[in-house]
Amino acid sequence: AQSVAQPEDQVNVAEGNPLTVKCTYSVSGNPYLFWYVQYPNRGLQFLLKYITGDNLVKGSYGFEAEFNKSQTSFHLKKPSALVSDSALYFCAVRVTGGGNKLTFGTGTQLKVEL
Amino acid sequence: KAGVTQTPRYLIKTRGQQVTLSCSPISGHRSVSWYQQTPGQGLQFLFEYFSETQRNKGNFPGRFSGRQFSNSRSEMNVSTLELGDSALYLCASSPPLAGAGEQYFGPGTRLTVT
């Protein structure tokens, strides 16, 4: 069975500073990894995904994530945070042959302050 | 292209009643997945439908059921509602790609059971 861990319930960062939201995963087989963001009273918005290839994946709104197979991690990063980035971030994993079933982490609340 | 739409957006029901939620995927998408989001359990996979067939099922009781129509629209039904069924129900659709296409989420239906 696959699982995803987001060890931080909340991350606080000052606007303009770099941000990192952590994610580790556990799967049997090759993972497909995703990051989604959720704003209050909204559905989830896709940010980026790792399927294969380059370990550094670039996504929407200046976000990127680094896939590390040996550490089974897929941390979300942004060089310079904006107040508007404040939201709930979810890491998710899919496995090949598993259809479109996503297993999500518990979410990390990102708060960017002036 | 129009996004994933879900109706109704908000719903209040009484324990013991049943409810039907509707999801219209993005045009051309044939896979529809349903998720339940609660503060306690987070995001949990309910089931996935592809070409009118259930392809995946999560660990939910038989009170939760779904179906998909020939136009890819999907409905989920919850019978004999319990207080614990209060949640945000999210629908997601995926493009018909052989690889790991990302899922596109609707805004959700907020169900409150009293």
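As they're listed, the protein sequences go chains S and Z.
Each residue of the first sequence is one higher than the last, beginning at 1 in our numbering.
Each residue of the second sequence is one higher than the last, beginning at 1001 in our numbering.
The beta-carbon is built from N, C-alpha and C at its ideal position, and this holds for glycine as well.
This structure is a prediction, so every number in the text was calculated from the model and none was measured.
- Beta carbon of S/E113 nearer than 7 angstroms to that of S/A14: yes
- Message: To be precise: take each residue of the stretch 97 to 113 of chain S, compare its Cβ to all Cβ atoms of chain Z, and keep it if any distance is under 9 angstroms. Which residues remain?
- Response: G98, G99, N100, K101, L102, T103, F104, G105, T106 and G107
- Query: What do you reckon, are the CB atoms on Z/V1032 and Z/Q1068 nearer than 7 angstroms?
  - Reply: yes
- From this set, Z/T1112, Z/P1096, Z/F1105 and Z/T1109, which residue's C-alpha is nearest Z/H1029's C-alpha? Z/P1096
- Do S/G107 and S/L88 have their C-beta atoms closer together than 7 angstroms? yes
- Contact under 7 angstroms by Cβ, Z/L1081 with Z/Q1017: yes
- Task: With a threshold of 16 other CB atoms inside 10 Å of the CB of S/D85, please say whether the residue is buried or exposed.
- Result: buried
- Task: Pick out whichever of S/A81, S/V11 and S/S26 has its Cα sitting closest to the Cα of S/S3.
- Result: S/S26
- Message: Could you pull the DSSP bridge partners for S/V83 from this structure?
- Response: None; S/V83 has no bridge partner.
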